[in-house]
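The structure under discussion appears below in the form of structure tokens.
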Amino acid sequence: MTFFSYILLATLGLIIGSFLNVATLRYDPDGGFLNIRLFGGRSHCPRCRAQLAWYELIPVLSYLFLWGQCRHCKQHISLQYPIVELLTAIVFVAIPMRIESMSYMLFAGSVGALSVAHLLVSALWVAVFVLFIALAVIDLRHMIIPDFIAIALGTIGVVLAGVMQWFGGFSPLRGSFMGHYAMIFGFRESIWVNHFFAAFVGLIFFGLIIGLSRGRAMGWGDLKLAGALGLIFGWPDIVLVLMLSFIIGSVVSVGLMVRGRKTMGDAVPFGPFLVIGAATVFFFGFRIMSLYFGSFGVV
Ligand SMILES: [Zn+2]
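My numbering numbers the first residue of the sequence shown as 0 and each following residue consecutively.
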């Protein structure tokens, strides 16, 4: 893809990112299904209610020239705004690049950038990551993973599997972010058996944790998200997603306890760690597997 199309994608990402900020801030956990109000109501400062001028609505830049403060009352503006905007812009650029760079692992034959397969699969993964950002922010703010996000992710997972199947993207050698290492773990005859089995693994795994901890360690939202991640990633990628999210989650939780920010009994939302695990597998799954197997001298 050309430099210009990446600039366009980054700009689109910044705009979608600022909508994500509004959507996640206006999210009301008691409001029921699809209660995110995206439009209507001018944006204003949450403290002094001053309406924002057009130039205060420009993603990232407005944060920088306002020095992270409201122009009227000097209230600090949450770092969530520029972080979510930047992450969304990165997602819009990095995902099409990643899909292009691993097209030999995902598609039969050669698939160039801007081919139908590349565009469709990239668009579906961008949608997955936009939902990831929304759910991470909502889980951090409200300790809840909304059902409609898990349902949307699961649905995209099924569509993605159908699209991959259509473009010959599934075989013993293709269709996994672990590349050919996935063959060791079997279940590579049918993409549908593979992805539904992965969803089942995610659900059972969290079901056991919830059962054994009597609901204290994880919630039903985490379980539904793990099922959706199984539909998206398939087997054995889901196992790597779960392992990485638990490793990263424990390191961060221990770090927070050491710094006195949390104690053993405090709940830490797990959704963001599942998202980080999923993103790590998407971008680095193959590299992790080749490092791991390479350390035993296996290629
Ligand atoms: Zn203000």
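All residues carry an ideal CB built from backbone N, CA and C; glycine is no exception.
Contact test: residue i Cβ vs ligand 1 heavy atom, cutoff 7 angstroms
{"i": "R97", "result": "no"}
{"i": "A52", "result": "no"}
{"i": "H71", "result": "yes"}
{"i": "Q74", "result": "yes"}
{"i": "A49", "result": "yes"}
{"i": "S187", "result": "Just to set this straight, residue 187 is Arg in the shown sequence, not Ser. Result no, Cβ not under 7 angstroms from ligand 1."}
{"i": "R215", "result": "no"}
Span of the alpha helix (DSSP H) around residue i
{"i": "R70", "result": "Element bounds for R70: n/a, residue is neither H nor E."}
{"i": "H117", "result": "V115 to H141"}
{"i": "H194", "result": "I190 to L211"}
{"i": "W165", "result": "D146 to W165"}
{"i": "F318", "result": "Residue 318 falls outside the range modelled here, since the chain spans only 0 to 298, and no answer is possible."}
{"i": "G229", "result": "W219 to F232"}
{"i": "Q74", "result": "No alpha helix (DSSP H) contains Q74, which DSSP labels as neither H nor E."}
{"i": "Y54", "result": "Looking at the DSSP string, Y54 is not in any alpha helix (DSSP H), and its letter there is neither H nor E."}
{"i": "D29", "result": "Per DSSP, D29 belongs to no alpha helix (DSSP H) and is neither H nor E."}
Straight-line Cα distance separating residue j from residue i
{"i": "R173", "j": "L105", "result": "5 angstroms"}
{"i": "V192", "j": "V200", "result": "12 angstroms"}
{"i": "F32", "j": "A22", "result": "A caution first: F32 carries a pLDDT of 46, below 50, which makes its placement in the model unreliable, though a value can still be read off. C-alpha separation (whole angstroms): 14 angstroms."}
{"i": "W124", "j": "S244", "result": "19 angstroms"}
{"i": "A126", "j": "C69", "result": "32 angstroms"}
{"i": "H71", "j": "C47", "result": "8 angstroms"}
{"i": "I57", "j": "S114", "result": "32 angstroms"}
{"i": "F166", "j": "S109", "result": "11 angstroms"}
{"i": "W219", "j": "S102", "result": "35 angstroms"}
Exposure of residue i, with buried meaning 16 or more beta-carbon neighbours within 10 Å
{"i": "T1", "result": "exposed"}
{"i": "A52", "result": "exposed"}
{"i": "H75", "result": "exposed"}
{"i": "K223", "result": "buried"}
{"i": "G188", "result": "Before going on, a small fix: residue 188 reads as Glu here, not Gly. The residue is exposed, with fewer than 16 neighbouring Cβ atoms inside 10 Å."}
{"i": "A116", "result": "buried"}
{"i": "I15", "result": "buried"}
{"i": "A266", "result": "exposed"}
{"i": "I6", "result": "exposed"}
{"i": "P171", "result": "exposed"}
{"i": "S100", "result": "exposed"}
{"i": "P28", "result": "exposed"}
Closest residue to residue i among the options (Cα-Cα distance)
{"i": "F186", "options": "I237, V83 and F272", "result": "I237"}
{"i": "A278", "options": "C72, V129, L60 and D265", "result": "V129"}
{"i": "I148", "options": "V162, G161 and F131", "result": "F131"}
{"i": "I231", "options": "M182, I150, G293 and I247", "result": "I150"}
{"i": "V280", "options": "R258, R260, L241 and D265", "result": "L241"}
{"i": "F269", "options": "D221, S100, F196 and V250", "result": "D221"}
{"i": "F184", "options": "I208, R213, G161 and L239", "result": "L239"}
{"i": "G156", "options": "H194, F205 and I98", "result": "H194"}
{"i": "I137", "options": "I208, L24, G233 and V158", "result": "L24"}
{"i": "S250", "options": "H179, F272 and S102", "result": "This sequence places Val at residue 250; Ser is not what is there. Ranking H179, F272 and S102 by Cα distance to V250 puts F272 first."}
{"i": "G284", "options": "S252, G233, V253 and M256", "result": "G233"}
{"i": "A9", "options": "I287, I190, L211 and V92", "result": "V92"}
{"i": "S77", "options": "C44, S294, Q164 and L13", "result": "C44"}
{"i": "M142", "options": "L159, V158, G206 and M217", "result": "M217"}
{"i": "A49", "options": "R260, K73, L85 and Y62", "result": "K73"}
Closer than 7 angstroms: residue i CB and nearest ligand 2 heavy atom
{"i": "R46", "result": "In the structure on display, ligand 2 does not appear, and the ligands it does have are ligand 1."}
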